[in-house]
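Encoded as structure tokens, the structure appears first; notes follow it.
There are 2 protein chains.
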Amino acid sequence: MTKPRAAETRKRTRIQKENEDRILEAALDIFSTFGFRGATIDQIANAAGMSKPNLLYYFRTKEAIHQVLIDTLLDNWLDPLRELNPDGDPLAELQSYIRRKLELARDYPRESRLFANEMLQGAPRIQEELRDLKALVDEKAAVIEQWIKDGKMARCNPHHLIFSIWATTQHYADFDVQVCAILAEEESIERRFSDAAKTLEQLFVHGLKISTK
Amino acid sequence: MTKPRAAETRKRTRIQKENEDRILEAALDIFSTFGFRGATIDQIANAAGMSKPNLLYYFRTKEAIHQVLIDTLLDNWLDPLRELNPDGDPLAELQSYIRRKLELARDYPRESRLFANEMLQGAPRIQEELRDLKALVDEKAAVIEQWIKDGKMARCNPHHLIFSIWATTQHYADFDVQVCAILAEEESIERRFSDAAKTLEQLFVHGLKISTK
DNA sequence: AGTAAAATTGACCTGTTGGTAAATATTACA
DNA sequence: TGTAATATTTACCAACAGGTCAATTTTACT
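Written as structure tokens, this is what we have:
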């Protein structure tokens, strides 16, 4: 015990807490932009307003920082799916799920990009988390399957439906540059968000066919 | 002219052509997985079965390789959108667009990931290409808008519709690890693809509402 | 076969990167 | 106020990265 690392001790100091938060905040910026290998500790330390050795006093390795980010990310990220209520109205439930995912993409784009980066690289650091994810998705897919069997919504493949919801919503975080480049620049983020929400609702509920109502 | 670099000379040798192809092939692997900053020349050279200096004999810098990949990528990538025919049947045109994009995701996942990596990092190296992209998208969005005005398809925001098509199809390339982890492992790529195609058609055309036909 | 151009390599250089060691400064708390 | 634990910094290291150079081998062509 010659070197009682801050992160290891039981009680966390005020300074410790503050600095760890600053580091994680900065690391989220850098990792989400450059990916794990593309990010450097120097960059993160700099963004956190801190010297590199000082940063390494709080997190022993680059991996350690990344791990914490990924872990906390996944928790929040899956909350909307967890809340899908089997007893609610199917279309309303799905619409609210879509909306909540879209809000996450709007409010936490860096988290989305961090996750996307990890996926692009083949998810080398989150194999076990993917297993938990599968369990949750399978569970909710069963819920959707039941809805379909009960004749409450159109037949479709529940897993792929979930993929489509993920894809369309996260797109606004992950491909934000592209979205902004293509939409007129004067479009505010609020406008983009509400247009996206309206379009997704239209698509997922009614599709593109002329409705005969 | 003391050093007539291979890539600069008019006539391309057999060896030159072969090696450039091998390098680009290897670079696509590495860049698409690790992103620009995460990829190293050593990795690429190694994957191409070639020494680093030899690789640098064909491409002067890491950027040069990346640039070629991005340029050729964008061309092929946008072909399906270019072919959207204003005089065709709207829903059939869009369905065939979706299918072609899905085929691209299946057959050229690395290209998709390369592009995704660039987007995640804020598209630092493809600003001007994004402008061309905007022009094309605006043009096709106008086509869709006309279809809507003609009462041939349901009202929606054409730009966001295109985003949704991109998102859902590319998802199968970019998030392949996740998709595979969540679907049962025994599912073949053909099965995944056909399930995805069917689901997307259902979604984009009919939506999830119970159809009354 | 001879030769000039093209291709390849090993050795090297410079800057960067993840991480360490030891010394110093600061804080919390009795 | 003293002091032990905590926090921070300076100086450093070894490995790696992008890229160059000069020398050597291979190829294409007469």
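Those protein sequence lines, which keep their order, are chains A and B. Per the working numbering, the very first residue in the first sequence carries number 1; after that it's consecutive. Per the working numbering, the very first residue in the second sequence carries number 1001; after that it's consecutive. Where is the CB? At the ideal position from N, CA and C, for every residue including glycine. Predicted, not measured: the structure shown is a model, and the values here were computed from it.
Note the first and the last residue of the continuous alpha helix (DSSP H) segment covering B:Arg1060. Counting from 1 along the second sequence, the entry for residue 1060 of chain B is found at position 60. B:Arg1060 -> no alpha helix (DSSP H), and no H or E assigned at all.
Q) For the candidate residues A:Leu114, A:Lys52, A:Gly151, A:His171, whose alpha-carbon lies nearest to that of A:Leu91? A) Taking the first sequence and counting its residues from 1, the one referred to as residue 91 of chain A is at position 91. Among A:Leu114, A:Lys52, A:Gly151, A:His171, the Cα nearest to that of A:Leu91 is on A:Gly151.
| Can you name the residues of chain B whose CB is closer than 7 Å to the CB of A:Val68? | Along the first sequence, one-based indexing puts residue 68 of chain A at 68. Residues of chain B passing the Cβ test: none, with the nearest at roughly 20 Å.
Looking at A:Gly207 and B:Leu1203, is the spacing between their C-beta atoms short of 8 Å? Position 203 of the second sequence, counted from the start, is the residue given in the question as residue 1203 of chain B. Position 207 of the first sequence, counted from the start, is the residue given in the question as residue 207 of chain A. Taking C-beta atoms as the reference points, B:Leu1203 and A:Gly207 count as a pair closer than 8 Å.
Just checking A:Trp147 against the ligand FMN - is the residue's beta carbon closer than 7 Å to any of the ligand's heavy atoms?
Inclusion of the ligand FMN in the displayed structure is not the case, the ligand content being empty and no account of it being possible.
Compare the C-beta of A:Ser188 against all C-beta atoms of chain B and say whether one is closer than 8 Å. The residue given as residue 188 of chain A occupies position 188 in the first sequence. It does not: the Cβ of A:Ser188 has no partner Cβ on chain B nearer than 8 Å.
- Message: Measuring straight from C-alpha to C-alpha, what distance separates B:Arg1125 and B:Gly1038?
- Response: Here residue 1125 of chain B is taken as the residue at index 125 of the second sequence, counted from 1. Here residue 1038 of chain B is taken as the residue at index 38 of the second sequence, counted from 1. Near 15 Å, if we compare the C-alpha coordinates of B:Gly1038 and B:Arg1125.
Give the single residue among A:Arg12, A:Ile162, A:Gln146 whose Cα lies nearest to the Cα of A:Asp89. The sequence position of residue 89 of chain A within the first sequence is 89, counting from 1. Closest option to A:Asp89, Cα to Cα, is A:Gln146.
- Message: Whole angstroms are fine: how far does the CA of B:Asn1054 sit from the CA of A:His160?
- Response: The residue labelled residue 160 of chain A in the question sits at position 160 within the first sequence. The residue labelled residue 1054 of chain B in the question sits at position 54 within the second sequence. Between A:His160 and B:Asn1054, the C-alpha separation is close to 45 Å.
message: Just to confirm before moving on: does the CB-CB distance between B:Lys1209 and A:Val143 stay below 8 Å?
response: On the second sequence, position 209 is the one that residue 1209 of chain B refers to. On the first sequence, position 143 is the one that residue 143 of chain A refers to. Their beta carbons are not under 8 Å apart, which means B:Lys1209 does not touch A:Val143 by this criterion.
Give the DSSP-derived three-state secondary structure of B:Ala1123 in the structure shown.
The residue labelled residue 1123 of chain B in the question sits at position 123 within the second sequence. The answer is coil: DSSP assigns B:Ala1123 none of H, G, I, E or B.
Item to check | Proximity below 8 Å, CB of A:Ala47 to CB of A:Asp29 | outcome: Indexing the first sequence from 1 puts residue 47 of chain A at position 47. Indexing the first sequence from 1 puts residue 29 of chain A at position 29. In this structure, A:Asp29 lies closer than 8 Å to A:Ala47 by Cβ.
- With DSSP as the reference, label B:Ile1144 as helix, strand or coil. For the purposes of this step, residue 1144 of chain B is taken as residue 144 along the second sequence, with counting starting at 1. Helix at B:Ile1144.
Which two residues bound the contiguous alpha helix (DSSP H) that contains B:Ser1164? Here residue 1164 of chain B refers to the residue found at position 164 when the second sequence is read from its first residue. Annotation for B:Ser1164: the continuous alpha helix (DSSP H) segment containing it runs 1158–1174.
request  = Could you confirm whether any beta carbon from chain B is found closer than 8 Å to the beta carbon of A:Leu133?
outcome  = Locating residue 133 of chain A in the first sequence gives position 133, counting from the first residue. Yes, because at least one Cβ of chain B sits closer than 8 Å to the Cβ of A:Leu133.
request  = State the DSSP-derived secondary structure class of A:Pro86, mapped to helix, strand or coil.
outcome  = In the first sequence, the residue the question calls residue 86 of chain A occupies position 86. Here A:Pro86 sits in coil by DSSP.
Check distances from the C-beta atoms of the segment 103–135 of chain A to those of chain B and list, in chain order, the residues that come in under 7 Å.
Within the segment 103–135 of chain A, those residues whose Cβ lies closer than 7 Å to any Cβ of chain B are, in chain order, Arg113, Ala116, Asn117, Met119, Leu120, Gln121, Gly122, Ala123, Leu130, Leu133, Lys134.
Original post:
Within 10 angstroms of its Cβ, does B:Asp1174 collect 16 or more other Cβ (buried), or is it exposed?
Top reply: Here residue 1174 of chain B refers to the residue found at position 174 when the second sequence is read from its first residue. The residue in question, B:Asp1174, is buried, as its Cβ has 16 or more Cβ neighbours within 10 Å.
Chain A contacts from the segment 1020–1036 of chain B (Cβ-Cβ distance under 9 Å): Ser1032, Thr1033, Phe1034, Gly1035, Phe1036
Quiz prompt | Euclidean distance between Cα positions of B:Ala1167 and A:Ile15 | solution = Translated into the one-based positions of the second sequence, residue 1167 of chain B becomes position 167. Translated into the one-based positions of the first sequence, residue 15 of chain A becomes position 15. Cα to Cα, B:Ala1167 sits roughly 42 Å from A:Ile15.
Review point. DSSP state of A:Arg37, grouped into three classes?
Key: Residue mapping note: residue 37 of chain A aligns to position 37 of the first sequence, counting from 1. Three-state result, A:Arg37: helix.
| field | Residue range of the alpha helix (DSSP H) that includes A:Ala196 | value | For the purposes of this step, residue 196 of chain A is identified with residue 196 of the first sequence, where counting begins at 1. Boundaries of the alpha helix (DSSP H) around A:Ala196: 189–201.
Among A:Thr40, A:Phe193, A:Ile44, the one whose alpha carbon lies nearest that of A:Leu24: Position 24 of the first sequence, counted from the start, is the residue given in the question as residue 24 of chain A. Cα-wise, what sits closest to A:Leu24 is A:Ile44.
Item to complete: Identify the contact partners of A:Phe193 in chain B, using a Cβ-Cβ distance below 8 Å as the criterion.
Response: By one-based count along the first sequence, residue 193 of chain A stands at place 193. Those within 8 Å of A:Phe193 in chain B number zero; the least Cβ separation is about 11 Å.
Comparing C-alpha positions only, which one of B:Tyr1097, B:Val1068, B:Gln1127, B:Thr1072 sits nearest to B:Arg1082? Within the second sequence, numbered from 1, the residue matching residue 1082 of chain B stands at position 82. Comparing Cα positions, the closest option is B:Tyr1097.
Q.
Could you tell me the alpha carbon to alpha carbon distance between B:Glu1093 and A:Lys62, rounded to whole angstroms?
A. As a first step, residue 1093 of chain B must be located in the second sequence, where it is residue number 93. As a first step, residue 62 of chain A must be located in the first sequence, where it is residue number 62. If you take the alpha carbons of B:Glu1093 and A:Lys62, they lie about 48 Å apart.
**Asked** Are the beta-carbon atoms of A:Ala105 and A:Gln178 separated by less than 8 Å?
**Response** Stepping through the first sequence from its first residue, residue 105 of chain A is reached at position 105. Stepping through the first sequence from its first residue, residue 178 of chain A is reached at position 178. It is not a contact, given that the beta carbons lie outside the stated cut-off.
Worksheet entry | A:Ser51, DSSP secondary structure in three states | Here the question's residue 51 of chain A lines up with position 51 in the first sequence. DSSP places A:Ser51 in coil when its eight states are reduced to three.
List, in chain order, every chain A residue whose beta-carbon is nearer than 9 Å to that of B:Val1143.
Here residue 1143 of chain B is taken as the residue at index 143 of the second sequence, counted from 1. Per Cβ cutoff of 9 Å: no residues; B:Val1143 is ~14 Å from chain A at best.
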